[in-house]
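Only one structure is covered here, and it is reproduced in the block below.
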Amino acid sequence: MTELRVHLLVEDLQPQFAAYLATPVRARGYPPAQGQHALFVEVAPGLAIERVTDLALRSVPGVEPGLLFVERQFGVLEVHSSDLEEVRRAGRAILDALGPGGLSPQVLYQDVIEDLTDQHAVIVNRNRQASMVLPGQTLLVHEMTPALFAAQAANEAEKAAPSITIVDVQMIGAAGRLYLSGTTGDILKAREAL
Numbered sequence: 260m261t262e263l264r265v266h267l268l269v270e271d272l273q274p275q276f277a278a279y280l281a282t283p284v285r286a287r288g289y290p291p292a293q294g295q296h297a298l299f300v301e302v303a304p305g306l307a308i309e310r311v312t313d314l315a316l317r318s319v320p321g322v323e324p325g326l327l328f329v330e331r332q333f334g335v336l337e338v339h340s341s342d343l344e345e346v347r348r349a350g351r352a353i354l355d356a357l358g359p360g361g362l363s364p365q366v367l368y369q370d371v372i373e374d375l376t377d378q379h380a381v382i383v384n385r386n387r388q389a390s391m392v393l394p395g396q397t398l399l400v401h402e403m404t405p406a407l408f409a410a411q412a413a414n415e416a417e418k419a420a421p422s423i424t425i426v427d428v429q430m431i432g433a434a435g436r437l438y439l440s441g442t443t444g445d446i447l448k449a450r451e452a453l
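In structure tokens form, the structure reads like this:
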């Protein structure tokens with residue numbers, strides 16, 4: 260029995276978040292572009308995502324798979340297209356096969372840290388190659404479950420405050436995490452969108 264944990268449509272991918280989705284890591288496929296629309300799906304058990312991928316791609320060959328990941332307990336798929344209706348049709352094909360379901364997002368933690376120290380910026384940026392938080396900026400940290408909701412959170416925060424910097428998005432695993440930086444005013448706008 261396949262459990263549909265997350266079925267999440269993210270419309271109008273924003274520039275930074277689309278660029279993040281296109282970064283080359285082991286689970287990436289076809290990179291999305293700004294303005295496209297994406298569907299994120301998480302299922303349990305993990306390998307069931309292969310059937311979900313087959314359902315989506317057979318029903319709507321025009322959508323492109325951007326992310327396919329099988330982790331310990333869950334499988335994750337992201338498909339995208341410039342045509343919103345194509346993405347919706349792929350989503351309906353998945354729902355028709357698995358039935359309705361899905362978990363609601365739950366915020367586990369959120370904090371706004373103003374005037375970040377130099378040492379704090381260095382340690383936050385330790386694994387970043389770009390999109391770094393700078394000393395003196397305000398940092399928003401946000402943690403939620405299921406992890407995939409970090410995708411929607413990042414995109415909505417960028418819509419609300421386009422001049423923020425998406426420092427990191429962790430959207431696979433036990434919990435999703437989001438690091439955003441910028442001016443205090445922009446970070447507070449982004450927080451409201453979350």
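The sequence shown begins at 260 in this note's numbering and counts up by one.
Note that beta-carbon positions come from the ideal geometry of N, C-alpha and C, so glycine has one too.
Item	Value
Counting only the same chain and skipping the five closest in sequence on each side, list residues whose C-beta sits under 6 Å from that of Ala420.	Asp445, Lys448, Ala449
Pull up the distance between the alpha-carbon of Asp342 and that of His296, whole angstroms please.	7 Å
Quick one: measure Cβ to Cβ for Leu375 and Val392, integer angstroms, because I've assumed they're closer than 8 Å.	6 Å
For Arg436 and Glu262, what's the separation of their Cα atoms in angstroms?	23 Å
Evaluate the contact criterion for the stretch 307 to 326 versus the stretch 367 to 384: three or more CB pairs, one atom per stretch, below 8 Å.	no
In the structure shown, what three-state DSSP assignment does Val383 receive?	helix
Which one of Phe299, Pro304, Arg264, Ala356 has the shortest CA to CA distance from Leu280?	Phe299
From the DSSP output, in three-state form, read off Gln411 for me.	helix
Please report how far the alpha carbon of Ala452 lies from the alpha carbon of Met403, in whole angstroms.	14 Å
With distances taken Cα to Cα, identify the nearest neighbour of Glu417 among Leu272, His266, Val265.	Leu272
Could you say if the stretch 335 to 353 and the stretch 301 to 312 meet the contact criterion of at least three C-beta pairs nearer than 8 Å?	yes
State the Cα-Cα distance for the pair Ala352 and Ala315, rounded to the nearest angstrom.	6 Å
Tell whether a beta-carbon distance below 9 Å holds between Val311 and Leu407.	no
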